[in-house]
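Enquirer:
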Amino acid sequence: MQPRHVPELQTERFVDPISGFDGFRVRVDGPQRGIPTPAMQGGRVYFGGGFGSYDVFAVDMRSGDLAWRLRTTDDGPTAVTVSGRWAAYNTESCTIEVVDTESGERVWSRWLGDPLLAQPAIDGERLFMAWPQNGAHVLGAFAVADGAPIWQRSLEHDVISAPIVCDGAVYVSQFDGSVMSIEIATGNVVWKRELRATSAPWIVGGDVYVAQRSAENSGPRSEPNQSRTAETDGEELVLERTANLDGRYGRRKSVTASKPARYYAQRWAADAKAAAADLDGSVGFATPPAAAKMDKIRALLGEGTIARAWRHQGSRPVVWEGVLFETTGDELEARSIASGETLWRWRGAEAHDGNRALTPPAVANGRVLAGTGDGRVIAWDALTGAVRFTVHVGAAVHWQPVMSAGRVAVGLEDSSLVVFDTNDSANDGWPMWGGGPGHNGPTATKSASVAAAA
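Position 152 of the sequence shown, counting from 1, maps to 152 under full-length UniProt numbering, and the rest follow consecutively.
1) Sort out for me which residues DSSP pairs P260 with in a bridge.
2) I think G385 touches A426, with their Cβ atoms under 8 Å apart; what is that distance to the nearest whole Å?
3) To the nearest angstrom, how far is the alpha carbon of P361 from that of F325?
4) Do the segment 301 to 314 and the segment 338 to 347 meet, that is, are 3 or more Cβ pairs less than 8 Å apart?
5) Once the 5 residues before and after K253 are set aside, which same chain residues still bring their CB inside 8 Å of it?
6) So, with DSSP's three-state summary, where would you put R196?
7) Does L412 come out as helix, strand or coil in the three-state DSSP assignment?
8) With E73 and Y89 assumed to form a contact (beta carbons below 8 Å), what rounded beta-carbon distance in angstroms separates them?
9) Tell me which same chain residues have a C-beta within less than 8 Å of the C-beta of R126, skipping the five on either side of it?
10) Which residue or residues does DSSP assign as beta-bridge partners of Q119?
11) Is the beta carbon of G170 sitting closer than 8 Å to the one on A118?
12) Start and end of the alpha helix (DSSP H) containing I271?
13) What residue range does the beta strand (DSSP E) around D100 cover?
14) Since I believe L369 is in contact with P401 (beta carbons under 8 Å), could you give me their beta-carbon distance rounded to a whole number of angstroms?
15) Output the distance between the C-alpha atoms of G168 and I18, rounded to the nearest integer angstrom.
16) According to DSSP, V189 sits in a beta bridge with which residue or residues?
17) Hey, I203 and N440 are a contact pair by Cβ (cut 8 Å); roughly how many whole angstroms apart?
18) Below 8 Å between beta carbons: does that hold for V80 and Y54?
19) Closest to T256 by CA distance: which of A269, E240, V138 is it?
20) Below 8 Å between beta carbons: does that hold for W268 and G34?
21) When the Cα atoms are used, what is the spatial distance from S161 to A270?
22) What did DSSP end up calling G124 once you bin it into helix, strand or coil?
23) Thinking C-beta only, is F420 closer than 8 Å to D22?
24) Roughly how many whole angstroms lie between the Cα atoms of G354 and A272?
25) When we look at the beta-carbon of R71 and count the other beta-carbons within 10 Å, is it buried (16 or more) or exposed?
26) Helix, strand or coil for I306, going by three-state DSSP, please let me know.
27) With 16 other CB atoms within 10 Å as the buried threshold, where does Q212 fall?
28) Can you tell me the Cα-Cα spacing of P201 and I378, whole angstroms?
29) Taking only three categories from DSSP, how would you classify D60?
30) Please report how far the alpha carbon of L139 lies from the alpha carbon of S339, in whole angstroms.
31) Report the residue from N188, A130, N134 whose alpha carbon sits nearest the alpha carbon of F175.
32) Which same chain residues end up closer than 6 Å to R13 when comparing Cβ atoms and leaving out the 5 residues on each side of it in sequence?
33) Does the distance between the C-beta of D29 and the nearest non-hydrogen atom of the ligand PLP fall short of 7 Å?
34) In this structure, what does DSSP give as the bridge partners for Q152?
35) Is the CB-CB distance between Q41 and R27 below 8 Å?
36) My output table needs one value for K293: the three-state DSSP class, helix, strand or coil.
This is the structure in structure tokens:
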């Protein structure tokens with residue numbers, strides 16, 4: 001049942017005192033919720049109100065004026081996926097919905113099951129979404145125009161972040177750590193690998209890149225020379241790295257060096273995890289439902305609540321022009337795929353209130369964009385690592401920021417959306433989570449082909 005309170009939007013303009021960028025902040029009143037990654041298209045910004053909310057909004061990209069709002073059928077709209085006329089999202093509690101981007105009218109919706117932890121993907125005339133069914137999970141393809149079912153494929157678990165569409169296949173990382181490649185046309189499984197994957201995969205040039213827990217994990221810390229404190233004593237030692245697989249067969253080709261990943265330790269961010277349990281309770285989950293298979297999520301990611309599994313993005317890598325960008329260990333690193341050489345790295349942010357130090361990066365047009373847990377949006381030169389700009393946005397950034405037509409948009413953990421004009425039209429090409437409606441960048445395949453031919 002929808003709450004009686006209909007939240008209002010409070011919009012204020014600002015000029016960043018350091019960069020001089022002008023922009024606006026839209027705050028959704030009511031309980032504080034993290035705003036998922038927005039989507040930018042046609043001069044508008046589309047965003048959901050966060051876990052537990054019943055609202056999706058479209059605002060003008062330049063002024064912040066409200067274009068439309070829609071009350072969702074169930075609570076918890078995800079990041080919005082936009083493709084032409086269609087805006088798609090799921091509600092954590094049960095439902096996939098497709099909306100007309102111009103009018104905000106609901107085109108169709110379908111009850112799937114509870115909970116739904118991933119956002120949908122769109123490829124042309126098809127939409128892809130995962131949901132629980134009869135004690136297992138399924139991935140389904142639907143006609144985006146009317147919701148007509150096309151095929152279903154059995155899964156063992158829900159999908160991390162979103163299905164990923166590239167080159168005639170749908171790729172999924174599941175919350176049990178496995179990765180699958182599935183034919184778009186038929187739903188047939190091409191391959192499946194048990195990888196302890198902690199992020200959605202990135203596909204480029206016939207290869208798959210995915211963050212994973214390293215098999216080198218050694219359990220509780222026991223280094224004899226380590227200074228032991230109440231904070232670190234007995235803390236689980238977790239390591240993370242990026243794996244490269246052959247996209248045709250799923251065979252491992254290489255891995256990066258493992259880095260400490262304490263954000264996956266079960267004791268990390270205890271206060272934030274307790275608050276997330278309260279948030280679960282506010283939407284009817286006194287305990288996580290059996291359909292969520294939370295034991296698998298806890299073992300892989302150290303998370304035990306629906307709210308924090310729903311928001312999980314991990315250290316999802318991106319490949320642009322032959323360079324791998326990744327944030328394992330909360331360090332942004334750029335590495336040449338051809339030589340393996342580290343081109344540059346950046347470690348200058350801190351985790352805050354249970355939020356990772358860095359979001360997954362957005363990479364396009366020679367720019368790398370990321371948010372920080374301590375409340376900044378930062379852009380780097382993709383080839384040199386030089387910082388192009390930093391904007392202090394006033395609250396933790398957990399969700400990946402986006403850029404389009406010279407503007408940057410980002411959802412914050414204080415119920416706010418911030419949009420600012422960088423005065424540089426090249427800050428473009430990453431308008432929604434994952435860079436496009438298939439969540440694998442707008443030009444990933446083309447860029448890989450160019451890099452391979454060079």
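We treat Cβ as the ideally placed atom computed from N, Cα and C, and that holds for glycine.
Expert: According to the structure data:
1) For this step, residue 260 is matched to residue 260 along the sequence shown. For P260, which the question treats as bridged, DSSP gives the partners L239.
2) As a position in the sequence shown, residue 385 is number 385, starting the count at 1. As a position in the sequence shown, residue 426 is number 426, starting the count at 1. Not really, about 17 Å apart at Cβ, beyond 8 Å.
3) The count along the sequence shown starts at 1 and reaches residue 361 at position 361. The count along the sequence shown starts at 1 and reaches residue 325 at position 325. Whole-angstrom Cα-Cα distance: 7 Å.
4) no
5) As a position in the sequence shown, residue 253 is number 253, starting the count at 1. Excluding residues within five positions, the ones whose Cβ falls inside 8 Å are D207, N244, L245, D246.
6) Along the sequence shown, read from residue 1 onward, the residue named residue 196 stands at position 196. Coil.
7) Within the sequence shown, numbered from 1, the residue matching residue 412 stands at position 412. Note: L412 maps to coil in three-state DSSP.
8) Against the sequence shown, residue 73 aligns to sequence position 73. Against the sequence shown, residue 89 aligns to sequence position 89. The amino acid occupying residue 73 in the given sequence is Thr; Glu does not appear at that position. Between Y89 and T73 the Cβ distance is about 11 Å, and since that is not below 8 Å, they are no contact.
9) Reading the sequence shown from its first residue, position 126 is the one you call residue 126. Cβ neighbours of R126 beyond the five flanking positions: A141, F142, A143, V144, I150, I184.
10) In the sequence shown, residue 119 corresponds to position 119, counting from 1. BP columns for Q119 are empty, so no partner.
11) The sequence position of residue 170 within the sequence shown is 170, counting from 1. The sequence position of residue 118 within the sequence shown is 118, counting from 1. The sequence given here has Val at residue 170, not Gly. No; because the gap between Cβ atoms is not below 8 Å, this pair is not in contact.
12) Here residue 271 refers to the residue found at position 271 when the sequence shown is read from its first residue. Residue 271 is actually Asp in this sequence, not Ile. First-last of the alpha helix (DSSP H) with D271: 270 to 282.
13) Within the sequence shown, the letter at position 100 stands for residue 100. Start and end: 94 to 100.
14) Taking the sequence shown and counting its residues from 1, one reaches residue 401 at position 401. Taking the sequence shown and counting its residues from 1, one reaches residue 369 at position 369. Going by Cβ atoms, the distance from P401 to L369 rounds to 5 Å, so yes, they are a contact pair.
15) Along the sequence shown, read from residue 1 onward, the residue named residue 168 stands at position 168. Along the sequence shown, read from residue 1 onward, the residue named residue 18 stands at position 18. Using only the alpha carbons, I get a separation of about 45 Å.
16) The count along the sequence shown starts at 1 and reaches residue 189 at position 189. Note: V189 sits in a beta bridge opposite I182.
17) Here the question's residue 203 lines up with position 203 in the sequence shown. Here the question's residue 440 lines up with position 440 in the sequence shown. Right, their Cβ atoms sit about 6 Å apart.
18) Within the sequence shown, numbered from 1, the residue matching residue 80 stands at position 80. Within the sequence shown, numbered from 1, the residue matching residue 54 stands at position 54. No; because the gap between Cβ atoms is not below 8 Å, this pair is not in contact.
19) Working through the sequence shown from its first residue, we reach residue 256 at position 256. Of A269, E240, V138, the residue nearest in Cα terms is E240.
20) To locate residue 268, count along the sequence shown from 1; it is residue 268. To locate residue 34, count along the sequence shown from 1; it is residue 34. For W268 and G34, no; Cβs fall outside 8 Å.
21) Residue 161 sits at position 161 when you count from the first residue of the sequence shown. Residue 270 sits at position 270 when you count from the first residue of the sequence shown. Near 22 Å, if we compare the C-alpha coordinates of A270 and S161.
22) The residue given as residue 124 occupies position 124 in the sequence shown. The answer is coil: DSSP assigns G124 none of H, G, I, E or B.
23) Taking the sequence shown and counting its residues from 1, one reaches residue 22 at position 22. Taking the sequence shown and counting its residues from 1, one reaches residue 420 at position 420. Going by C-beta atoms, D22 is nearer than 8 Å to F420.
24) For the purposes of this step, residue 354 is taken as residue 354 along the sequence shown, with counting starting at 1. For the purposes of this step, residue 272 is taken as residue 272 along the sequence shown, with counting starting at 1. Spanning the two alpha carbons is a distance of roughly 5 Å.
25) The residue you call residue 71 lines up with position 71 of the sequence shown. Exposed: under 16 other Cβ atoms inside 10 Å.
26) Walking along the sequence shown from the start, residue 306 turns up at place 306. Looking at I306 - three-state DSSP - the assignment turns out to be helix.
27) Counted from its first residue, the sequence shown places residue 212 at position 212. Its Cβ being crowded by 16 or more others within 10 Å, Q212 is buried.
28) What you label residue 201 is simply residue 201 of the sequence shown in a count that begins at 1. What you label residue 378 is simply residue 378 of the sequence shown in a count that begins at 1. Looking at the two C-alpha atoms, the distance is approximately 23 Å.
29) By one-based count along the sequence shown, residue 60 stands at place 60. Looking at D60 - three-state DSSP - the assignment turns out to be strand.
30) Reading the sequence shown from its first residue, position 139 is the one you call residue 139. Reading the sequence shown from its first residue, position 339 is the one you call residue 339. Those two C-alpha atoms are separated by around 37 Å.
31) Here residue 175 refers to the residue found at position 175 when the sequence shown is read from its first residue. Selected option, being the one with the closest Cα: A130.
32) Mapped onto the sequence shown, residue 13 falls at position 13. These residues qualify, in order along the chain: F24.
33) Among the components of this structure there are no ligands whatsoever, and the ligand PLP is therefore not found.
34) The residue labelled residue 152 in the question sits at position 152 within the sequence shown. According to DSSP, Q152 bridges with G140.
35) One-based indexing of the sequence shown puts residue 41 at position 41. One-based indexing of the sequence shown puts residue 27 at position 27. No; because the gap between Cβ atoms is not below 8 Å, this pair is not in contact.
36) Here residue 293 refers to the residue found at position 293 of the sequence shown. Coil at K293, not helix or strand.
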